[in-house]
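In the numbering used here, the protein residues as written are 17 to 264.
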C-alpha cells in the first residue's frame with residue numbers, strides 16, 4: 017500500500033482507494049468495483065465527505081428496521097468486504113443479522129476469498145449450495161434459501177439496482193447504503209442511507225446497541241424513503257451553490 021501521510025486532507029478517501037486496489041490484486045474485488053468506488057466518491061464530494069444530519073437519521077432508521085426484522089440478512093460483495101469486514105462483524109453481533117456473500121462478477125475463487133476474509137474478522141458467514149431464487153438472469157440471482165432467499169429484510173451495502181428491484185418485488189424490505197441518491201438502488205429501496213459505507217456501518221451498529229425498544233418500534237414504523245432522498249439531493253444542491261458562490 018502507498019504510504020499516505022495522516023495529515024493529508026483526503027487521507028480517509030485515499031486509504032479506501034488503496035485498500036480496494038490491494039483487494040483487486042488479491043482477486044477479492046472485481047476491477048469494475050474500482051469504477052463503482054470512483055462514482056461513489058464523486059457524490060461524497062457533494063456531501064462534503066461527511067455524514068449529513070439526514071443520513072444520521074437514516075442510520076437510526078436502518079438499525080430499527082434490522083432489529084425489527086424476523087430474518088434480516090446482510091448481503092456482502094467484494095468492495096464491502098474489503099472496506100469494512102471488521103465493521104460488519106460488529107454490526108452482525110449488534111443486529112443479530114445473518115451474512116451472505118452475493119456477487120455479480122461471481123467466481124468460486126472470489127466467493128471463497130471473500131468468505132475467508134470475513135471469517136478472519138469474526139463474521140459468521142452463511143455457506144451452502146446456492147439456488148437461483150431471485151428473478152434475475154445473472155449470478156446475483158444465486159442465493160441461499162436460509163439466507164437472502166428466506167430473508168424478510170436485506171441490507172445491501174453499495175449499489176445494486178436490478179437486484180434491489182427484484183427483492184422488493186419479492187416482498188422483502190431492502191436497506192441500501194449508497195452515496196448516489198439518483199441510483200435505481202436508492203430510488204427503489206425501502207430505505208436508502210446516503211452515506212459512505214465505512215461511516216454508515218459503524219453508525220448503524222452503534223444505533224443497534226443504543227436504541228430503546230420504544231425507539232425501535234417508532235422508527236421502524238415511520239420510514240419514508242422519499243424524504244431521505246429529497247434531503248440528500250437538497251444537501252448536494254446547496255453545497256454546489258455554496259461552492260459556486262465562493263468563486264464569485
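Every residue, glycine too, gets a C-beta built ideally from N, C-alpha and C.
Residues bridged to residue i [DSSP beta-bridge criterion]
i, result
"residue 157", "According to DSSP, which records beta bridges pairwise, residue 157 is partnered with nothing at all."
"residue 88", "169"
"residue 207", "191"
"residue 116", "91"
First through last residue of the beta strand (DSSP E) which encompasses residue i
i, result
"residue 129", "Run containing residue 129: none in the beta strand (DSSP E); it sits in the alpha helix (DSSP H), 124–136."
"residue 143", "Run containing residue 143: none; DSSP gives neither H nor E here."
Continuous alpha helix (DSSP H) stretch holding residue i: start and end
i, result
"residue 234", "229–236"
"residue 261", "241–262"
"residue 213", "213–226"
"residue 299", "No answer is possible for residue 299: the residues shown for the chain start at 17 and end at 264."
Within 7 angstroms, strictly: CB atoms of residue i and residue j
i, j, result
"residue 190", "residue 170", "yes"
"residue 182", "residue 150", "yes"
"residue 220", "residue 79", "yes"
"residue 97", "residue 133", "yes"
"residue 76", "residue 235", "yes"
"residue 115", "residue 131", "no"
"residue 118", "residue 159", "yes"
"residue 197", "residue 249", "yes"
"residue 60", "residue 195", "yes"
"residue 217", "residue 100", "yes"
Residue nearest to residue i in terms of C-alpha spacing, selected from the options
i, options, result
"residue 166", "148, 155, 94, 110", "148"
"residue 122", "258, 164, 45, 138", "45"
"residue 202", "134, 176, 114", "176"
"residue 164", "134, 153, 91, 218", "91"
"residue 56", "206, 199, 247, 245", "199"
"residue 179", "155, 161, 197, 195", "155"
"residue 42", "93, 105, 126", "126"
"residue 252", "159, 76, 71", "71"
"residue 185", "168, 108, 102, 215", "168"
"residue 244", "136, 74, 218", "74"
"residue 138", "19, 107, 120, 188", "107"
"residue 89", "53, 60, 110", "110"
"residue 223", "84, 248, 204, 258", "84"
"residue 188", "103, 81, 33, 136", "81"
"residue 135", "31, 103, 232, 61", "103"
Residue burial classification, residue i (beta-carbon count within 10 angstroms, cutoff 16)
i, result
"residue 242", "exposed"
"residue 229", "exposed"
"residue 238", "exposed"
"residue 173", "buried"
"residue 66", "exposed"
"residue 260", "exposed"
"residue 128", "exposed"
"residue 35", "buried"
"residue 153", "exposed"
"residue 22", "exposed"
"residue 58", "exposed"
"residue 226", "exposed"
"residue 145", "exposed"
"residue 254", "exposed"
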